Amino acid sequence: MRSPRSSRRLLQGAVALAALCASAVAHAEQGSVVLSSGEVITGDIQQVVQGEYLIVQLPNGQVKAIAWAQIGTFKIGGSVSVGGAPAVQPAPTPPPPPVYAPAPPPPAVVYAPPPPPPSYGPPPPPPPPPRPAFEPAWMLGARLGQISPGGNVFGKEADSARVPLSNYASTGWSIEADIGLHFSPAWTIYGFWEYGQLGKGKNTASPDTPQTNSVGIGLNANTNPHGPVGFLFDVALGYRWFNFSAARHDQSGAVAGWDSVVLGGVMPLRLGGGLAITPARKIRIDVLGQIAVGAFSQMSGASCPGGCTIDSADQGSHYFAGLTAGVRWDL
């Protein structure tokens with residue numbers, strides 16, 4: 153940077169030079185200078201040294217050198233130039249203060265129990281297939297069991313002339329065949345035929361073993377038809393025959409021979425109860441306790457070859473009880 157003294161000498165030399173050459177500067181242009189203080193100077197612009205000074209000849213002939221720092225603007229001809237005084241720029245807007253967002257909270261920690269150790273055993277079995285819808289079906293059945301007779305053939309229990317059934321028969325075995333309709337999962341209606349081979353009664357000298365046959369219809373219910381085990385209840389009615397050999401006596405009371413006798417009568421009720429096992433959808437196995445009651449009202453034999461009716465006063469009440477096991481198949 154120049155010192156003030158050097159600038160002053162430079163201006164004085166420039167003014168003297170301009171004065172000497174004022175008459176010779178035929179190409180000077182009319183102009184005006186606006187100082188930074190607001191004063192306006194007009195005249196012929198003799199010389200412009202950018203950044204240093206400007207020489208102007210006033211109308212009165214005086215030559216004046218103006219330092220560049222004092223010039224706001226100056227005009228030569230039709231053009232306007234900016235002088236050395238820099239325009240005051242507004243101070244930049246200060247940046248807004250920084251905004252400090254709160255620190256995010258630490259992540260929540262979930263304490264879960266450790267997973268179970270891996271299992272290396274066989275995979276679990278698949279779920280069972282859905283049970284097929286029930287469809288009514290015809291049924292065949294068979295039964296085998298033990299049968300025991302009791303009660304009276306003739307006469308009431310309080311009658312001294314009564315004839316116990318045990319005189320002619322004792323415990324034996326029986327078989328049964330059934331055919332019916334399994335019309336709902338729990339219920340089956342059926343018809344049956346039962347045959348029983350009985351032991352000899354007190355008349356052990358009888359040449360034949362007594363037998364019994366019965367036919368009828370029944371209805372049974374299974375409390376758990378889809379298995380594996382349920383309770384079974386059975387009710388039936390029918391007609392029963394009882395065959396045995398009766399001794400024939402002569403006038404002296406000795407046994408003269410044996411006559412075959414057939415008794416028959418309504419069996420109004422047979423009850424049964426037990427367990428039912430269902431190993432497969434169409435197979436049922438059961439164990440059943442049974443008791444059948446009735447009275448013989450018809451008789452045929454040597455003394456009544458065409459058949460005869462037993463008077464109601466002479467009819468005795470009897471029963472046949474036993475334990476059986478059976479199986480039933482749905483067709």
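The letter at position 218 of the sequence shown is residue 370 when you use this note's numbering, and the numbering goes up by one with no holes. Just so it is clear, CB atoms sit at the ideal spot from N, CA and C, and this is done for glycine as well. Remember, it's a predicted structure, so these values are computed and weren't measured experimentally.
Next item on the list: Pull up the distance between the alpha-carbon of P282 and that of I437, whole angstroms please.
Entry: If I take the Cα positions, the gap works out to 23 Å.
Margin query: Please report the distance separating the alpha-carbon of S452 from that of P288.
Written below: Distance between S452 and P288, taken at the CA atoms: about 43 Å.
Margin query: Please classify N304 as buried or exposed, where buried requires at least 16 other C-beta atoms within 10 Å of its C-beta.
Written below: The residue is buried, with at least 16 neighbouring Cβ atoms inside 10 Å.
Notebook entry, point to check: What's the gap between the Cα of H470 and the Cα of K308?
Noted result: Going by the C-alpha atoms only, they are around 10 Å apart.
Checklist line | Strand pairing of K352, partner residues [DSSP] | finding: According to DSSP, which records beta bridges pairwise, K352 is partnered with A321.
Next item on the list: Determine the closest residue to I341 out of K434, A388, L187 and S464, with distance taken between C-alpha atoms.
Entry: Residue A388 is the option with its Cα nearest to I341.
Notebook entry, point to check: Taking C-beta to C-beta, are G353 and T323 nearer than 8 Å?
Noted result: Cβ atoms of G353 and T323: not closer than 8 Å.
Next item on the list: Kindly give me the distance between the Cβ atoms of N319 and P362, rounded to whole angstroms, as I take these residues to be in contact under 8 Å.
Entry: Contact annotation, N319 with P362: C-beta distance approximately 10 Å; criterion of less than 8 Å not satisfied.
Notebook entry, point to check: Roughly how many whole angstroms lie between the Cα atoms of V177 and G183?
Noted result: Caution is warranted here: a pLDDT of 39 is assigned to V177, below 50, making its placement in the model unreliable, and the coordinate value is therefore given only provisionally. Each residue's alpha carbon lies about 15 Å from the other.
Next item on the list: Can you grab the Cα-Cα spacing for the pair E219 / Y205, in whole Å?
Entry: It is Ala, not Glu, that sits at residue 219 in the sequence shown. Going from the Cα of A219 to the Cα of Y205 covers about 4 Å.
Next item on the list: Please determine, among V192, E181 and P247, the residue with the shortest C-alpha to C-alpha distance to V200.
Entry: V200 has its Cα closest to that of E181, out of V192, E181 and P247.
Next item on the list: Identify which residue in T375, A447, L440 and P457 has its Cα closest to the Cα of V413.
Entry: P457 is the residue among T375, A447, L440 and P457 whose C-alpha sits nearest the C-alpha of V413.
Check: What residue does the beta strand (DSSP E) around R295 start on, and which one ends it?
Finding: Looking at the DSSP string, the run of the beta strand (DSSP E) that includes R295 is A289 to F306.
Check: Should the stretch 327 to 345 be regarded as contacting the stretch 368 to 379, the criterion being three or more beta carbon pairs within less than 8 Å?
Finding: The stretch 327 to 345 vs the stretch 368 to 379: in contact.
Notebook entry, point to check: Quick one, are the C-beta atoms of L292 and A477 less than 8 Å apart?
Noted result: No, Cβ-Cβ distance for L292 and A477 is not below 8 Å.
Notebook entry, point to check: From the DSSP output, which residues share a beta bridge with L415?
Noted result: According to DSSP, which records beta bridges pairwise, L415 is partnered with F394 and M451.
Item checked: Boundaries (first-last residue) of the beta strand (DSSP E) holding W481 -> Annotation: the continuous beta strand (DSSP E) that includes W481 extends over S469 to D482.
Item checked: Cut-off 6 Å between Cβ atoms - residues of its own chain near P146, not counting five sequence neighbours on either side -> In the structure as shown, the chain starts at 153 and stops at 483, and residue 146 therefore has no counterpart that could be examined.
Next item on the list: Give the single residue among S404, L384, R480 and G332 whose Cα lies nearest to the Cα of I435.
Entry: Just measuring C-alpha positions, the residue of S404, L384, R480 and G332 sitting nearest I435 is R480.
Note to self: Can you tell me which residues form a DSSP beta bridge with A465?
What the structure shows: A465 is not bridged to any residue.
Next item on the list: Could you say which of G474, G379, Q202 and P211 lies nearest to T225 if we only look at CA atoms?
Entry: Closest by alpha carbon: Q202.
Next item on the list: Buried or exposed for I331, please, with buried defined as at least 16 other CB atoms from any protein chain shown within 10 angstroms of its CB.
Entry: Residue burial is scored here from C-beta neighbours: I331 has fewer than 16 other C-beta atoms within 10 angstroms and is therefore classed as exposed.
Item checked: A522 burial status per 10 Å Cβ neighbour count (16 or more: buried) -> Residue 522 lies beyond the residue range present for the chain, which begins at 153 and ends at 483; the question has no answer from this structure.
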